[in-house]
Amino acid sequence: MKSTPLWRRYSRLLGPDPAADVKDELRFHLETKIDDLVAQGWHSEAARQEAERQFGDLRALQQIGTTLGHEMERRKQLNDYWNDSLQDIRYTFRTLARDRGFAAVSILILALAIGANVAVFSVVNTLLLRPLPFADSHELVWIAPPATNCGLSCATYSADAYQEFRMQSRVYQDVTGYFTFSTVDNLRLTGRGEPQSATGIFVVGNFFQVLGVHPAMGRLFTPEEARHGSHPVALLANSYWRRQFNADPDIVGKAVDLNGTLVTVIGVLAASFDFGAVFSPGERVDLFTPYILDDWRDDGNDLTMIGRLKPGVTVAQALDDANRVAPDMYFSVKYPETLGRYRGNLVPGPLKDYVTGKLRHSLIALWCAVGVILLIAGVNLSNLLLARAAARSKEFAVRGALGASRGRIVRQLLMESLVLSGAGAAFGLGLAMSLISWLAHQGSVALPLLSSLRIDGEALGWTVFIAVSTAMLFGLLPGLKMASGNLQNALKDSGAGAGLGRKHERVRAILVVSEVALACVLLVSAGLLLRSFVKVLDVDLGFQPDRAASVKIEYDDSASSGEASRAKRGAIFEQIITRVSALPGVEAAGMSDNLPLGPNREWDTPVPKGKTFAPGELPDPLVYVITPGFIRAMGIRHRGRDFTWADGPHSERVVLINESAARVYWPGEDPVDKILMRGSEEDRVIGVVDDVHEENVESGTGSQIYYPATQQRPSGAQLVIRTSLPPATLAASVLRALRELNPKQPVAEFRPIRTIVDRAVSPRRFFMLLVAAFAGLGLLLAALGIYGVISYSVAQKTQEIGVRMALGASTARVQRDVVLNTLRLALAGIGLGITASFASARLISSLLFATSPWDPTAYAGMMLALLAVTLISGYIPARRASRINPMTALRSQ
Amino acid sequence: MDTTKLEFLRGTLDVLILKALVWGPLHGYAITNLIRRHSDDALLVEEGTLYPALWRLENKGLLDSEWGLSENNRKAKFYGLTQAGQRQLRLEVKTWEAYATAVAKVLDATRPPMSETIA
């Protein structure tokens, strides 16, 4: 009975059939029983009846048997599959452990590529894909006019306009806003040791309710607290509460001294709310106080507007509604002629577009770059697997001959690439985590939402997805290649390098060429971005950022009348500047209320005396109120004379204008000594200064006008010092001097002007560095690929080279052949890559600054770099080839 | 005595089947015969209980099966003990013996235990 009978081998040829098995089994039992009964002397028909009677309900029994049989069959299949997989995994680990070098290199490559991809995915997800960190954030809109170049004043609204808009609009649940012109360190916190600077922002009373931000402690502002004459209150940002108040759990209800006023803390906001991260990237905001509409009616445009749309309202409907309301809005209800000034200037757009819209292109480019990295890594993996597969062709042939199906062999190879990419993903995830946590702490990079970066479930899902798809896609090629090989050939093939080897080499050459081409695309893109960045750094900002620093000054501005305050301010400023200028190392010192690349504002439309212009032809210049010495301290070039302390409240009104303004007011004439009219007031132009980049480094500049602080009211004071020493060394002595003059001067940050510029170019630097890093990675991977293919082919041709050398080929000749081989691959890749770069450069052209997408320097430079690196990676195996000892090579057969 | 009426204690059939297979693989019919003969016709296993028990044991991995030819040259399904089956058998025999001894001791008792009466 032991050997399976012949019939049994074929009876279940079409797969297992539990039902039939049960039937067979029971029939046998029945028939044997009948036989026995007949043998005992029963009549055959009676025996059958007796047997069936004893059996009972045959059908029910069959039913049970079939069910159990199916269940068992299923379990068996699962079991088999699992056993096979376990076997594959064990086998994989064994083979990989045997080939540690290969495993380490593949895992490293994959870890780098997957790490970069996961990190960038997290950034893209946080900034682009995920909604803003507010409840129902899709309802939030940012209301602003179409982009112009008159600065923040054109992007904001007056208190009257806000109130009118809020009342008239029908599409919003509510509209809110915040004061746009707050500066860093605009508050002085006293009463807790040394005076400390803090950054506060005025927000419309309903600001947090509209955004859906909750307090972690205490409460939000009430409508009464946003009215004139109410008791001053403040809400603290969570981080400020932790930093400044050591997370004092009893802070709510306590009063703090801000700029000499006792302000009651009514709450601490939730930690998840970071005003700076959303609205002013790269800066932190410490506390919030209510914007009291009545106090700001005469201030002009100073509110941004944010609305929360009613559910289901589209942005287009909101725009229609805004166009309906705009004609009824006054700039100031006191002046009827300002009715309708906002016509066409109210354009609601998704808040998200305002926050991250500008980064969209950069982020997508970045995402593509890491995608290319992943492709290169995948091709590299494919290549390595192929090389291994070729070396293992005999192993597979033997396994095939012993009965392993092709599917099983492909599965085995896939399992190997899965194990490799799984390990790569694990390391890559670690890499991404450290990268992300580093990025999240780059507070000085002016990118929104950076602080909320983290590896979350989505990023983990993405990791698994790319790891598995990489393994599948790039593991399949060698698998199929291997399985399609001819078993017999592989077995017969005694030496390496015969038929199959050559075929593989062609595939591998194609892979390497595509790798080089991909790396080339990355390098050219990085080169173009690098050139742009250099161009941005080369931009003439209109001032000299090096060797200058600024510090925020506190001064007593309590004089009653405008006249008296000008005189008092003048005296204080003169004293400060005289004192600071006398410090050793200080070359020049001066003050301005606003610094370039910071906040700005415009006042009105001056008209050159004696000229007429069509309405709208004259610009609203940006206004800076400065002291004597500021122009020199900032390093702004000028002609004519600078302000002096003699330009006092009672002397002639004087102004400086920039070149752009001069060109508009007096084209082709010398503006010095000409008169500008502001209403009935006459200002004499005493000099012309260079255009200064007011908002960012990359866009052009508009008209600017400078007034002396002794004649006009500044909105604050930033002391700028030009020095021959490193600015940081002066911080202590300058602060001491300021303290002696004003004991209330808080410990304010001494900011090198260079950092202001750095902050302005930080997004570009950030993206450029990342793309450059990815390009470097791509280059490294491509070089590895070339090295792998060339050294493999050298190893394969050891005998051939040995024979050639025995027949008299020189070392140099052998080396040259190998290097030429490399060169051929590299040139093919570069040719292909340059062609592809033309297409990709067009895609990133919007990210370039003063650089053509066909910039020959970038192309040539990157081509040479790529060529050099590939040649080096080919030269190493070439050297090895030329060292082959003919005798050893021939004997090794 | 009406032997077919002798009910199996729960779980007893499994251990009997396992025991029946210690000398080598058998088909279902032979298993009933073996149990009947060894019990001197006292234990008759019904088909309706035997086969489900066999399939269950096979499903549990205590038995494996193979198709073969019977003595009368018919195709039949032979069951054999797996390693797990042998282990299970040893375990159950031990349990059964301990149980039987305990029951026997109680049934054989002639007087109450001394200590208990004193207390």
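Quick note, the sequences are listed as chains A and B, same order. Under my numbering, think of the first position of the first sequence as 465, with each following residue one higher. Under my numbering, think of the first position of the second sequence as 4, with each following residue one higher. Glycine included, every Cβ here is placed at the ideal spot set by N, Cα and C.
Strand pairing of residue i, partner residues [DSSP]
i	result
Glu-69/B	Phe-81/B
Val-1211/A	Gln-660/A
Arg-1142/A	Glu-1145/A
His-30/B	Phe-81/B
Leu-700/A	Val-732/A and Leu-751/A
Ala-1012/A	Arg-1186/A
Glu-1066/A	Leu-1086/A
Leu-651/A	Ala-662/A
Met-769/A	Ile-607/A and Gly-641/A
Tyr-621/A	Leu-767/A
Thr-725/A	Leu-722/A
Assigned exposure category for residue i - 16 Cβ within 10 Å defines buried
i	result
Ala-1236/A	buried
His-30/B	buried
His-41/B	exposed
Trp-70/B	buried
Ala-889/A	buried
Ala-103/B	exposed
Val-109/B	exposed
Trp-546/A	exposed
Arg-1033/A	buried
Ser-915/A	buried
Ile-1336/A	exposed
Ser-1163/A	exposed
Gly-1099/A	buried
Val-697/A	buried
Phe-1302/A	exposed
Glu-516/A	exposed
Asp-1057/A	buried
Nearest neighbour of residue i, chosen from the options [CA to CA]
i	options	result
Pro-775/A	Pro-791/A, Pro-1350/A and Asp-600/A	Asp-600/A
Lys-1075/A	Lys-1138/A, Glu-1051/A, Glu-1264/A and Arg-1103/A	Lys-1138/A
Asn-1192/A	Ser-1304/A, Ser-1014/A and Pro-1350/A	The residue asked about is misnamed: residue 1192/A is Ala in this sequence, not Asn. Of Ser-1304/A, Ser-1014/A and Pro-1350/A, the residue nearest in Cα terms is Ser-1014/A.
Asp-1147/A	Pro-1113/A, Gly-991/A, Ser-908/A and Glu-1158/A	Pro-1113/A
Ser-1226/A	Arg-918/A, Val-811/A and Gly-907/A	Gly-907/A
Ala-580/A	Ala-833/A, Glu-969/A, Val-1118/A and Lys-1208/A	Ala-833/A
Pro-1070/A	Leu-1001/A, Asp-1004/A, Leu-1120/A and Thr-620/A	Leu-1120/A
Ala-1273/A	Ala-1300/A, Leu-1243/A, Arg-1347/A and Phe-1231/A	Arg-1347/A
Ile-578/A	Leu-1061/A, Arg-707/A, Pro-1060/A and Ser-933/A	Ser-933/A
Arg-1277/A	Gly-1166/A, His-1102/A and Tyr-1339/A	Tyr-1339/A
Glu-1123/A	Gly-1151/A, Pro-1072/A and Glu-1116/A	Gly-1151/A
Which of helix, strand or coil DSSP assigns to residue i
i	result
Arg-558/A	helix
Glu-880/A	helix
Arg-114/B	coil
Ala-437/A	Within the shown structure, residues of chain A are numbered from 465 to 1357, placing residue 437/A beyond reach of any answer.
Gly-894/A	helix
Ala-608/A	strand
Gln-526/A	helix
His-695/A	coil
Asp-817/A	helix
Thr-1165/A	coil
Gly-959/A	Unreliable positioning characterises Gly-959/A in this predicted model, as indicated by a pLDDT of 48, which lies under 50. The coordinate reading is nonetheless provided below. Residue state, collapsed to three classes: coil.
Ala-910/A	coil
Asn-787/A	helix
Phe-643/A	strand
Arg-799/A	Per the sequence shown, the amino acid found at residue 799/A is Tyr instead of Arg. Note: Tyr-799/A maps to coil in three-state DSSP.
Asn-1381/A	Nothing in the structure corresponds to residue 1381/A, since chain A is present only between 465 and 1357.
Ile-1150/A	strand
Tyr-794/A	strand
Proximity test, Cβ basis, 8 Å: residue i and chain E
i	result
Leu-572/A	Among the chains of the structure shown, chain E does not appear; the protein chains present are A and B.
Mind listing which residues of the region 29-60 of chain B have their C-beta closer than 8 Å to chain A's C-betas, in chain order? His-30, Gly-31, Tyr-32, Glu-49, Glu-50, Gly-51, Tyr-54, Pro-55, Trp-58 and Arg-59
Residues in the region 75-87 of chain B having any Cβ partner in chain A nearer than 9 Å: Asn-75, Arg-77, Lys-78, Ala-79, Lys-80 and Phe-81
Please list, in chain order, the residues of the region 497-529 of chain A that have any C-beta partner in chain B closer than 9 Å. Lys-497, Asp-499, Asp-500, Gln-518, Phe-519, Gly-520, Asp-521, Leu-522, Ala-524, Leu-525, Ile-528 and Gly-529
For the region 481-497 of chain A, enumerate the residues whose C-beta is nearer than 9 Å to any C-beta of chain B, in chain order. Asp-485, Val-486, Asp-488, Glu-489, Leu-490, Arg-491, Phe-492, His-493, Leu-494, Glu-495, Thr-496 and Lys-497
Under 7 Å (Cβ pairs) to chain B, residues found in the region 535-563 of chain A: Glu-535 and Met-536
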